[in-house]
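Student: Pasting a structure here, questions to come.
See the structure below:
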């Protein structure tokens, strides 16, 4: 079995069960994915996650980048070692967080500039390539492409433009993604 293998477990009617293998274990779908934004799941211990049979924990690239910082997570041995969790993990790109700072960020074809007022007010610039480098250093089993997230309500032209930009960024993320032990997942808008 390769490092990332997806096995279909059910095919009848509307079934969507599969088994997915990662370097830190396997998971099956459908599933509940607890959110550990800052590499900690609030309100539950690691033992509690195991007792709940949690299969994958989601952490956030933007928040880990801002605090404690990518260097700290990487030096700890990656996000699993940093949080003391031995199961599969996924990092989202942080795109939603960037675009929720709409008045503090500027999306462009080649990336997004933003001011992190929710932390220290510092200015940053992310490209799809830099986002992949950050997520590769954080070290989750599954990483997500950088995308432009449009707020609701939005007019058709804004949604179309964001979808096109996300598609272009997805291609750049794929070209920049280097770690064979991490799976890169795309994001479908809508």
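Residue numbers (the working numbering): 837 to 1026.
Glycine included, every Cβ here is placed at the ideal spot set by N, Cα and C.
The structure presented is a predicted model; accordingly, all values stated were derived computationally and were not measured.
1) My understanding is that residue 871 touches residue 894, with C-beta atoms under 8 angstroms, so please give their C-beta distance in whole angstroms.
2) Look up residue 960 in the DSSP assignment and give the residues it is bridged to.
3) If you reduce the DSSP assignment to three classes, tell me which class residue 942 lands in.
4) Let's test the definition: count the other Cβ atoms within 10 Å of the Cβ of residue 1013 and tell me whether it reaches 16, buried, or not, exposed.
5) At 4 residues or longer, what runs of the alpha helix (DSSP H) sit wholly inside the segment 861-903?
6) Please work out which residues of its chain come closer than 6 angstroms, Cβ to Cβ, to residue 858, disregarding the five sequence neighbours upstream and downstream, and give them in chain order.
7) I believe residue 982 touches residue 1003 by the beta-carbon criterion, under 8 angstroms. Please report the beta-carbon distance rounded to the nearest angstrom.
8) If you follow the alpha helix (DSSP H) that residue 1012 is in, where does it begin and where does it stop?
9) Are there three or more Cβ pairs, one per stretch, closer than 8 angstroms when the segment 961-980 is compared with the segment 991-1002?
10) Would a C-beta distance cut-off of 9 angstroms place residue 932 and residue 875 closer than the cut-off?
11) Could you spell out where the beta strand (DSSP E) holding residue 979 opens and where it closes?
12) Below 8 angstroms on the Cβ atoms is my contact criterion, and I expect residue 980 with residue 929 to pass it. Report the Cβ-Cβ distance as a whole number of Å.
13) Comparing alpha-carbon positions, which option in 945, 937 and 943 lies nearest residue 955?
14) Could you pull out every residue in the same chain whose Cβ sits closer than 6 angstroms to the Cβ of residue 856, ignoring the five residues on either side in sequence?
15) Tell me the DSSP secondary structure of residue 937 in three-state form.
16) Tell me which residues share the same chain as residue 958 and place their Cβ nearer than 8 angstroms to its Cβ, disregarding the 5 neighbours each side in the sequence.
17) With C-beta atoms as the reference, is residue 946 less than 9 angstroms away from residue 861?
Tutor: According to the data block:
1) 5 angstroms between Cβ atoms; contact.
2) 950
3) strand
4) Residue 1013 should be labelled buried.
5) With a minimum length of 4 residues, the continuous alpha helix (DSSP H) runs that stay inside the segment 861-903 are 882-887 and 897-902.
6) 924 and 977
7) Their Cβ separation, rounded to whole angstroms, is 12 angstroms, which puts residue 982 and residue 1003 out of contact at 8 angstroms.
8) Following the DSSP letters along the chain, one finds residue 1012 inside the alpha helix (DSSP H) bounded by residues 992-1012.
9) In the pairwise beta carbon analysis, the segment 961-980 is classified as not touching the segment 991-1002: fewer than three pairs are separated by under 8 angstroms.
10) no
11) Note, residue 979: beta strand (DSSP E), 978-980.
12) 5 angstroms
13) 937
14) Cβ contact annotation for residue 856 (same chain, cutoff 6 angstroms, sequence separation greater than five): 842 and 863, in chain order.
15) Here residue 937 sits in coil by DSSP.
16) 951 and 952
17) no
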